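Presented below is the structure to which this report refers.
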Amino acid sequence: MRQYKSLFIDLDDTVYDFTAASRESFKESYDLLHYERYFNSFEQYMEIYEPHNLELWRIYGEGKITKAELNRRRYLHPLETVGVNDPQLAEEFCRNALSLIPTKDKLIDGAIELLEYLRPKYSMYILSNGFKELQSHKMRTAGIDRYFDGLILSEDIGVNKPNRELYDYALQKSGSTVEESIMIGDMFDTDIAGAANIGMHQIYFNPKGKKGHPFEPTYEVTHLSQIKDIL
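Here the sequence shown is numbered in the numbering used here, starting from 371 and rising by one per residue.
Spelled out as structure tokens, the structure:
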């Protein structure tokens, strides 16, 4: 049994409820910019946006598109789908939504209780592919920045999870060893696969019980409270 000293924790949808924060921010932007002119409902907009957004993030993670291209394409796509070619409107939606998201104090159920439990026992670092201008703001708004010893982002070195270079960088920056570290995250292909690739143990936070992954993570939980039984 390994004895862990350092925890690397994904932020979005692991401790910070990015799904809820972004959905609320998108609805506010949708109403502000009168997107009802083009869509039957906000639900229709999200049904168009979400799968394309996930695919663009996958491509971005592979380094095939830039951050600017990611944002341009994901916000323009829903408009183009309903026959509206208005890059300026899409850019305004992007700017408004991204300014609103970090003002939302949304947390995953059990996050504060878990962080209170872990903080006295471990050194803790956020390890995220998220954008620098958003992540620290979200943490401050949600009141969780005080629990962490550092914020390590893919933008720091221009390499995204699951690339091993980012995990090597995280270990170096935190002064940690792979044998004494564990990764906690909700994205199997990035958080879990990336940590496994360098021999780091992982806790897969899988609240929806997704199946069909290529290998078994070190640990798997469906609620954050279950991590207390591991660490």
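Even glycine gets a Cβ: it sits at the ideal position worked out from N, Cα and C.
All values reported here derive from a predicted model rather than from experimental measurement.
Please state the DSSP three-state secondary structure of residue i.
i      : result
Met494 : strand
Leu403 : coil
Tyr408 : coil
Met509 : helix
Met570 : coil
Asp382 : strand
Glu586 : coil
Gly520 : strand
Ser546 : coil
Phe575 : strand
Met416 : helix
Ile554 : strand
Report yes if the CB atom of residue i is closer than 8 Å to the CB atom of residue j, and no otherwise.
i      : j      : result
Ile562 : Ile597 : no
Glu590 : Asn567 : no
His571 : Ile552 : yes
Pro587 : Asp559 : no
Leu484 : Ser595 : yes
Gly431 : His593 : no
Tyr386 : Ala467 : no
Lys491 : Ala391 : no
Ile522 : Leu381 : no
For the candidate residues the options, whose alpha-carbon lies nearest to that of residue i?
i      : options                        : result
Phe388 : Phe558, Ile478, Gly520         : Ile478
Arg465 : Lys434, His593, Ser395, Phe558 : Ser395
Lys543 : Gln572, Glu486, Asn533, Asp519 : Asp519
Phe409 : Tyr487, Thr451, Lys476         : Thr451
Gln421 : Lys397, Asp401, Pro448, Lys437 : The amino acid occupying residue 421 in the given sequence is Pro; Gln does not appear at that position. Per the Cα distances, Pro448.
Asp599 : Gly579, Val548, Leu488         : Leu488
Leu440 : Val454, Glu461, Gly453         : Glu461
Leu403 : Thr547, Tyr374, Leu459, Ile379 : Leu459
Glu503 : Lys437, Val529, Val454         : Lys437
Lys508 : Ser469, Phe412, Lys434         : Ser469
In angstroms, rounded to a whole number, what distance separates the CA positions of residue i and residue j?
i      : j      : result
Ile525 : Asn499 : Strictly speaking, residue 525 in this sequence is Glu, with Ile absent from that position. If I take the Cα positions, the gap works out to 7 Å.
Ser399 : Arg372 : 47 Å
Asp456 : Tyr445 : 10 Å
Gly569 : Ile429 : 25 Å
Gln414 : Leu541 : 43 Å
Asp515 : Ser506 : 7 Å
Asp556 : Tyr574 : 6 Å
Gly579 : Gly564 : 20 Å
Phe602 : Leu426 : Nothing about residue 602 can be reported from this structure: the residues present for the chain run from 371 to 601 only.
Lys397 : Lys474 : 13 Å
Within 8 Å of any Cβ in chain D, is that where the Cβ of residue i sits?
i      : result
Pro421 : No chain D appears in the structure shown, which is made up of a single protein chain.
Contained alpha helix (DSSP H) runs [length at least 4] in the stretch 420-463, N- to C-terminal order: 437-451
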